[in-house]
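K.L.:
Dumping the structure here so I can ask a few things about it.
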Amino acid sequence: MKLLICLYLPLLLSLHRTTSTDDRQCSNPADIKEVCKTVTSSMGADDHDYCVRTLKSDPEGKSTDLHGLATLATTLAISHAMSTESKIEELMDLESDPKIKEGYNACLDAYNDAIDQLRDALDNLNSKLYFGGMKLLKSTLKGVESCEEAFKDVKSSPLIMEDKDYQRLANIAYHITASVE
125 MKLLICLYLP LLLSLHRTTS TDDRQCSNPA DIKEVCKTVT SSMGADDHDY
175 CVRTLKSDPE GKSTDLHGLA TLATTLAISH AMSTESKIEE LMDLESDPKI
225 KEGYNACLDA YNDAIDQLRD ALDNLNSKLY FGGMKLLKST LKGVESCEEA
275 FKDVKSSPLI MEDKDYQRLA NIAYHITASV E
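The opening position of the sequence shown corresponds to residue 125 in the working numbering, with each subsequent residue numbered one higher.
Following this line, the structure appears as structure tokens:
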């Protein structure tokens, strides 16, 4: 149904010489500040600025529609997860305490799974299967929460900032995808 709207809406608009806000989802550039205001309304207070800063950091974000922002946010989440995975591997190599190493191992598994699910979510988004993408994005959030839990008996997680930023990115990707749906 949305595909038909995207195909016929521009034709109808040109025939009637009217404007509509619904065509933003099809091809008009989305206002990043407004999108971030909407998607971060249920998140923390500083998440709006983080969302705007992150999406504007990529040149593609400044001239894309909601679909493009959803794929961009998901791609940024993949990149962050891969970077965190590399950091975990480095920290594991330096660690001698078996309990802490076990925590790193749990985090490594969580981020490996998250990367796989994020790639699947991106495939879903590229195929405009938004509901499937949303489910996958949501499940990556739950998996990475286990990384923090892996350190609860040992010490505070050395990955707390990486986990927080990942959760922000995945939440932003999820909520933008929900806006497209």
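For glycine and all other residues, C-beta sits at the position ideal for the given N, C-alpha and C. Bear in mind that the values here come from a model prediction, so they are computed numbers and not experimental data.
Which same chain residues end up closer than 8 Å to Ile-239 when comparing Cβ atoms and leaving out the 5 residues on each side of it in sequence?
P.N.:
Ile-202, Ala-205, Met-206 and Glu-209.
K.L.:
For the alpha helix (DSSP H) holding Leu-242, just list the boundary residues, first then last.
P.N.:
First-last of the alpha helix (DSSP H) with Leu-242: 222-250.
K.L.:
Could you name the residues of the same chain whose beta carbon sits closer than 8 Å to that of Lys-288, not counting the 5 residues immediately before and after it, in chain order?
P.N.:
Answer for Lys-288: no residue qualifies.
K.L.:
So what's Met-167 in DSSP terms, helix, strand or just coil?
P.N.:
Note: Met-167 maps to coil in three-state DSSP.
K.L.:
Are Leu-265 and Asp-244 close, meaning C-beta to C-beta below 8 Å?
P.N.:
No, these two residues do not count as a Cβ contact at 8 Å.
K.L.:
Since Leu-253 is in the alpha helix (DSSP H), which residue starts that stretch and which ends it?
P.N.:
Run containing Leu-253: none; DSSP gives neither H nor E here.
K.L.:
If you check the beta carbons only, do Ala-302 and Met-258 fall under 8 Å apart?
P.N.:
Yes.
K.L.:
Assign Leu-218 to one of two classes, buried (16 or more other C-beta atoms within 10 Å of its C-beta) or exposed (fewer than that).
P.N.:
So Leu-218 ends up on the exposed side.
K.L.:
At the level of alpha carbons, what is the spacing between Asp-277 and Leu-193?
P.N.:
Rounded to the nearest angstrom, the two C-alpha atoms are 38 Å apart.
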